[in-house]
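Trainee: Below is a structure I'd like to ask you about.
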Ligand SMILES: [Zn+2]
Ligand SMILES: [Zn+2]
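Protein chains in written order, with the numbering used here: chain A, 1 to 304; chain B, 1 to 304; chain C, 1 to 318; chain D, 1 to 318.
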């Protein structure tokens, strides 16, 4: 059933052959380092290097059938994965676009380039949809758009999604997939989005409403140090890289090798920051159960 | 000026030649191990073994002039040290006495023995007095009375002192000097005093009132794991042994030597549990400043 | 049952072995011994009743500590349709000796916390024999505050020899963590049901032990200190633990008389470890009954009753 | 001043040296050079004014990072009659890179928190160069909640290159600690004054940076990331930091224009490190002024204004 979300006809799914790079620190050089595959039919696993047919990869929710490596999902793929029916998903604020408030050199060009590349106006997709029969305010970041970094638009859209949850009395689910931190091209305006989103979450909290934060690969910097850490329940996708400082910065600072498993979902659960690590294929089912226990605005049958 | 509190005429002071034993675990055998001194004129320091004239020791607030070792104070000595004028100190509930609710073998005899030895009915002294011009609800435990352990009476007297602080809108100061934990002779009735006192402190907290907890040597077990840890401000007397489990139990459990400085006031400050470690001679002055900053019911001059 | 037999059960165990022998003999040899077996079974029931009706405190303590006694996570799985364990204190770590999560108990969404022991040595090492560190108490508090936010009753299942006495535990403030929990639990605006399901070891138990109702399973104990420690301190002889167990008044029956607990939950014949499903059923029924009653109260009433419950504890010479 | 001279101050420093030389010469040789010295002093004032009126962002950043810039604990001692540092997060540790305490600022009881740097290498190692761990942010939150309880205004003095990037910091939840502080600070019912007194390094600054008024000392900076990191990421060349400093709009003047901050607090001529007492006096006056204004507001107004302040931050294409 979940497999269908990744059928090629899906409105919100475009299974790409482009592979993510393993190390988020080198992400900005992604383009250069991409090994071209012979054609669009298969993908080489970043982890085990197995060649996987794209159809099979899509059926497996973009999880490597050999080594369980979770490929990154785009925001549209993530929404498709989670909602019961894509056609019912109502996107909001899809047209909001970044200005260039600091007149930062080349920023407009970059925005244009990523808009073309991703078919998104910005690094986040927000809206309202049903998850296992429960209507929720949904947010998904997109790692492809300037590493899913948070600028004024991303902060504003997330804040509005939080306000929407409050207004419509819906639970909030944010998938912090792709977290490049606060986007430097908008300077302090980006940094302050951390405060803005966290402040809005306080209002949601005061209203007694549920916020489930899902961290996926990669979630770092200003993303992890704001909304992504503030779930009533924090869920981590298996193997996702999550942390505050980037591993390269840490390595340089302490001048030591980093421990195995450092800054993964599993590491965060061990250290008390994440409630539960889940495989992608179990994610929607878990959300259904959590929504059920919190019994929020569900259909009568409460299920899928 | 502070020296006067320890003058021999003091109502609340009896400078004893009896020395504390170094290791709280062996405290119950205190009597046996006491090295008799030739007469009542001097005391041998437990720490540096220097012979100190009692008069000098009293003048120095029972702190060794050689090595700064802080001798334990009785509840009456502690009250004398802290209040502006002993004659103004109004004791409450001084007649409350333990029953023997479990019919625990020999418990009544023990109580009688310690009552005679200490001239107290129980292991705690409570009342209202002025500290640097500020009226406060004051509590001091006495290590001599069954190690200052908490039974029904101790829990009740402390709870009433908390309630008195609420009723009279006074700040609360508890000196957990001598903490033998929950007294086993009253079984679960003793243990539940931890919950009772902590619950009362919640009411004080809700009322927005100040609670300063002072931990002195020794504070362990059910004393440290209830009111003594719950100060708005936690102060530790220099060098005091403070912890949850007794060092002997820990040593047996982990089968390793304990680190230097383990379970001292200084150790607790380093580990974030205590706001400030002070020398005995600075304690009253610090309390005055804290009360002043919290500006609670002081005399106009606000000083001593 | 392996090597986990209790001494005082010996006559019962011998009878049960005899019954098993006869039944097997009957089946393999095709001889009808039904009458004899039935008589033996009746005898076993009588013996069991006699033994368990007159247990010494020390014997109850042995059942409470029985290595096959159901654990918290076993109870949650048996009692709840869905139970999702939630991890971590958002601070330092995820303590495996004190677990918690959310689930549905019947129609009721609840938060359950409790001390988790292991069954095997390996599990027990992982679970630190049910002895929590400060991060365990802080995780429990986090989950209880979460329960308060979502108006879920809290069920706290106590089963610990005590809070862990170790260097890290002292460094991270074992005393502070336990004290804070008690202070906060007195004021949580949702019903809190405490059940001692095995060992109720001192402050380590009380750190998740403040609530509206305090219940104990029939063969559990709750004590200010372990009888072994008590004997060692009083008589410098831990072999006198049985005497200490008697003196400390640590059984459910004693504590009901002393007004420390509110009720005793029956266990299946022979103890909870003899019949997991039935134990879970009895526990669940009792908890649901208490929740329903507490839900009749207004929030103010609930908190006032809870406060007064603890306020009046203690006995002083009149 | 030792080796801590800034390049762009060179002309000024040479003049000052010349003045010192002449003064000394005049005194030892008993020759009257008063006119010459006065002229040189006037010249120095003019040069100083010229230099400091036209500082590049990078030069401001150099002053902000000046090793002799007054630290938080120096400011608290100078500004408060009594200041008592309070330690610890009641949890794990006492972070020496993020300090706090209570004192009286004029007649006003206040809680002050802030990043503490050292002056010497030894001090800086102890203070971890003002880079806090999660326990620092948690201590700050504890002290702020305490301030709320006692209705004390909170003053938060920011001076950090950033939150510490290390293994322990990640293990103990640096991200969580910073995020939680922001969420809690938005709702504290007492006035909160934020002042960037030196370096305002990214999330590490913002972790104690949510309040009613955000002020910056004249020669401080506040930035989404260090110019060095920005240059390294954008141009793979950290030598371009000066260019990045320009692009990032990190000076007080820029941030006032961008509506990120509310006001700029003047520093003594040449920067805060040139005159500690005067710096403290200017800071204290400004803080007291803001507190007085904020105390005019009702609690609801205060919280609503604070929320809206952050709610409207950001600029989007119209
Ligand atoms: Zn693979
Ligand atoms: Zn000495």
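All residues carry an ideal CB built from backbone N, CA and C; glycine is no exception.
Quick one, are the C-beta atoms of residue 363(B) and residue 120(B) less than 7 angstroms apart?
Mentor: Outside the displayed span of chain B (1 to 304) sits residue 363(B), for which this structure offers no information.
Trainee: Can you list the residues of chain D that residue 176(A) reaches, using a CB-CB cut of under 9 angstroms?
Mentor: By 1-based counting over the first chain, the position of residue 176(A) is 176. Neighbours of residue 176(A) on chain D: none; closest Cβ ~11 angstroms, over 9 angstroms.
Trainee: What residues sit near ligand 3, counting only those whose C-beta is closer than 6 angstroms to one of its heavy atoms, in chain order?
Mentor: Absent from the structure shown: ligand 3. Ligands present: ligand 1 and ligand 2.
Trainee: Going by DSSP, what residues sit across from residue 176(B) in a beta bridge?
Mentor: Indexing the second chain from 1 puts residue 176(B) at position 176. Answer by DSSP bridge pairing, in chain order: 215(B).
Trainee: Could you say which of 9(D), 216(D), 8(D) and 39(D) lies nearest to residue 19(D) if we only look at CA atoms?
Mentor: In the fourth chain, the residue the question calls residue 19(D) occupies position 19. Considering only alpha carbons, the answer is 39(D).
Trainee: Return the residue from the list 40(A), 208(A), 103(A) and 265(A) that minimises the CA-CA distance to residue 248(D).
Mentor: As a working note, residue 248(D) is residue 248 in the fourth chain. When only C-alpha atoms are compared, the closest one is 103(A).
Trainee: Comparing C-alpha positions only, which one of 48(A), 280(A) and 271(A) sits nearest to residue 177(A)?
Mentor: Along the first chain, read from residue 1 onward, the residue named residue 177(A) stands at position 177. Checked all of 48(A), 280(A) and 271(A); the closest Cα to residue 177(A) is 280(A).
Trainee: Output needed in chain order: residues of the stretch 150-182 of chain D with a Cβ under 7 angstroms from some Cβ in chain C.
Mentor: Within the stretch 150-182 of chain D, the qualifying residues are 172, 173 and 176.
Trainee: Given a cut-off of 7 angstroms, decide if residue 142(B) and residue 123(B) are closer than it, judged by their beta-carbon atoms.
Mentor: Here the question's residue 123(B) lines up with position 123 in the second chain. Here the question's residue 142(B) lines up with position 142 in the second chain. Against a cut-off of 7 angstroms, the Cβ pair of residue 142(B) and residue 123(B) comes out as a contact.
Trainee: Please report the straight-line C-alpha distance between residue 44(B) and residue 52(B), rounded to a whole angstrom.
Mentor: Along the second chain, one-based indexing puts residue 44(B) at 44. Along the second chain, one-based indexing puts residue 52(B) at 52. Their backbone Cα atoms lie some 6 angstroms apart in a straight line.
Trainee: If distances are taken between C-alpha atoms only, which option among 312(C), 132(C), 17(C) and 176(C) comes closest to residue 234(B)?
Mentor: Along the second chain, read from residue 1 onward, the residue named residue 234(B) stands at position 234. Nearest of 312(C), 132(C), 17(C) and 176(C) to residue 234(B), Cα basis: 176(C).
Trainee: Taking residue 115(C) as the reference, which of 302(C), 190(C) and 209(C) has the closest Cα?
Mentor: Mapped onto the third chain, residue 115(C) falls at position 115. Of 302(C), 190(C) and 209(C), the residue nearest in Cα terms is 209(C).
Trainee: With 7 angstroms set as the bound, which would you pick, yes or no: does the beta-carbon of residue 109(D) sit closer than that to a beta-carbon of chain B?
Mentor: The residue labelled residue 109(D) in the question sits at position 109 within the fourth chain. By this cut-off, residue 109(D) is an interface position.
Trainee: DSSP three-state call for residue 201(D): helix, strand or coil?
Mentor: As a first step, residue 201(D) must be located in the fourth chain, where it is residue number 201. Here residue 201(D) sits in strand by DSSP.
Trainee: Where does residue 150(A) fall in DSSP's three states?
Mentor: Within the first chain, numbered from 1, the residue matching residue 150(A) stands at position 150. In this structure, residue 150(A) counts as strand in the three-state DSSP scheme.
Trainee: Nearest chain A C-beta to residue 207(C) closer than 7 angstroms, yes or no?
Mentor: Working through the third chain from its first residue, we reach residue 207(C) at position 207. No, no contact with chain A.
Trainee: Does any CB atom of chain C fall closer than 7 angstroms to the CB of residue 284(A)?
Mentor: Taking the first chain and counting its residues from 1, one reaches residue 284(A) at position 284. Cβ-Cβ to chain C under 7 angstroms: no for residue 284(A).
Trainee: Identify the contact partners of residue 94(D) in chain B, using a Cβ-Cβ distance below 8 angstroms as the criterion.
Mentor: Along the fourth chain, read from residue 1 onward, the residue named residue 94(D) stands at position 94. Result: 269, 270, 271 and 272.
Trainee: Taking 7 angstroms as the threshold (beta carbon to beta carbon), is residue 236(A) in contact with chain D?
Mentor: Translated into the one-based positions of the first chain, residue 236(A) becomes position 236. Cβ-Cβ to chain D under 7 angstroms: no for residue 236(A).
Trainee: Return the CA-CA distance between residue 196(A) and residue 167(A), expressed in angstroms with no decimal places.
Mentor: In the first chain, residue 196(A) corresponds to position 196, counting from 1. In the first chain, residue 167(A) corresponds to position 167, counting from 1. In a straight line, the C-alpha of residue 196(A) is about 17 angstroms away from that of residue 167(A).
Trainee: Give a yes or no on whether 7 angstroms exceeds the smallest Cβ distance from residue 102(C) to chain A.
Mentor: Position 102 of the third chain, counted from the first residue, corresponds to residue 102(C). Answer yes: the Cβ-Cβ gap between residue 102(C) and chain A drops below 7 angstroms somewhere.
Trainee: Using the Cα positions of residue 60(C) and residue 54(C), report the straight-line distance between them to the nearest angstrom.
Mentor: In the third chain, the residue the question calls residue 60(C) occupies position 60. In the third chain, the residue the question calls residue 54(C) occupies position 54. Going by the C-alpha atoms only, they are around 10 angstroms apart.
Trainee: To which residues does DSSP link residue 42(B) through a beta bridge?
Mentor: Within the second chain, residue 42(B) is the residue found at index 42, counting from 1. Partner(s): 53(B).
Trainee: What is the DSSP secondary structure of residue 25(D), counted as helix, strand or coil?
Mentor: Residue numbering aside, residue 25(D) sits at position 25 when the fourth chain is read from its first letter. Helix at residue 25(D).
Trainee: I'd like to check one pair, residue 37(D) with residue 46(D): are the Cβ atoms closer than 7 angstroms?
Mentor: On the fourth chain, residue 46(D) is found 46 positions in, with the first residue counted as 1. On the fourth chain, residue 37(D) is found 37 positions in, with the first residue counted as 1. No, they are not a contact pair.
Trainee: Measuring alpha carbon to alpha carbon, tell me which of 234(D), 186(D) and 162(D) ends up nearest residue 308(D).
Mentor: Here residue 308(D) corresponds to residue number 308 of the fourth chain, with the count starting at 1. Ranking 234(D), 186(D) and 162(D) by Cα distance to residue 308(D) puts 186(D) first.
Trainee: Per the DSSP calculation, residue 220(A) is bridged to which residue(s)?
Mentor: Here residue 220(A) refers to the residue found at position 220 when the first chain is read from its first residue. 180(A).
Trainee: I'd like to know whether the C-beta atoms of residue 242(B) and residue 316(C) end up nearer to each other than 7 angstroms.
Mentor: Looking up residue 242(B) in the second chain gives position 242. Looking up residue 316(C) in the third chain gives position 316. No; because the gap between Cβ atoms is not below 7 angstroms, this pair is not in contact.
Trainee: Over the uninterrupted alpha helix (DSSP H) stretch that includes residue 267(A), give me the two end residues.
Mentor: In the first chain, the residue the question calls residue 267(A) occupies position 267. Unbroken alpha helix (DSSP H) run through residue 267(A): 265-270.
Trainee: Which residues, in chain order, does the stretch 188-202 of chain B contribute to contact with chain C at a C-beta distance below 8 angstroms?
Mentor: Per Cβ criterion, the list reads 188, 189, 190, 191, 192, 193, 194, 195, 196, 198, 199, 200, 201 and 202.
Trainee: Kindly list, in the order they appear in chain D, the residues whose Cβ is closer than 9 angstroms to that of residue 97(A).
Mentor: Against the first chain, residue 97(A) aligns to sequence position 97. Chain D residues near residue 97(A): 316 and 317.
Trainee: Would you mind working out which of 232(C), 197(C) and 158(C) sits nearest residue 273(C), comparing C-alpha positions?
Mentor: Translated into the one-based positions of the third chain, residue 273(C) becomes position 273. Cα-wise, what sits closest to residue 273(C) is 197(C).
Trainee: Anyone know if the C-beta pair for residue 246(A) and residue 220(A) falls short of 7 angstroms?
Mentor: Taking the first residue of the first chain as position 1, residue 246(A) is located at position 246. Taking the first residue of the first chain as position 1, residue 220(A) is located at position 220. The answer is yes: Cβ separation under 7 angstroms.
Trainee: Looking at the structure shown, is residue 273(A) part of a helix, part of a strand, or coil, going by DSSP?
Mentor: As a position in the first chain, residue 273(A) is number 273, starting the count at 1. Coil.
Trainee: Considering only DSSP beta bridges, list what residue 113(C) is partnered with.
Mentor: By 1-based counting over the third chain, the position of residue 113(C) is 113. Beta-bridge pairing links residue 113(C) to 100(C) and 156(C).
Trainee: Apply the 10 Å Cβ neighbour rule to residue 126(B) and answer buried if 16 or more other Cβ atoms are within range, or exposed otherwise.
Mentor: Numbered from its first residue, the second chain carries residue 126(B) at position 126. Classification for residue 126(B): buried.
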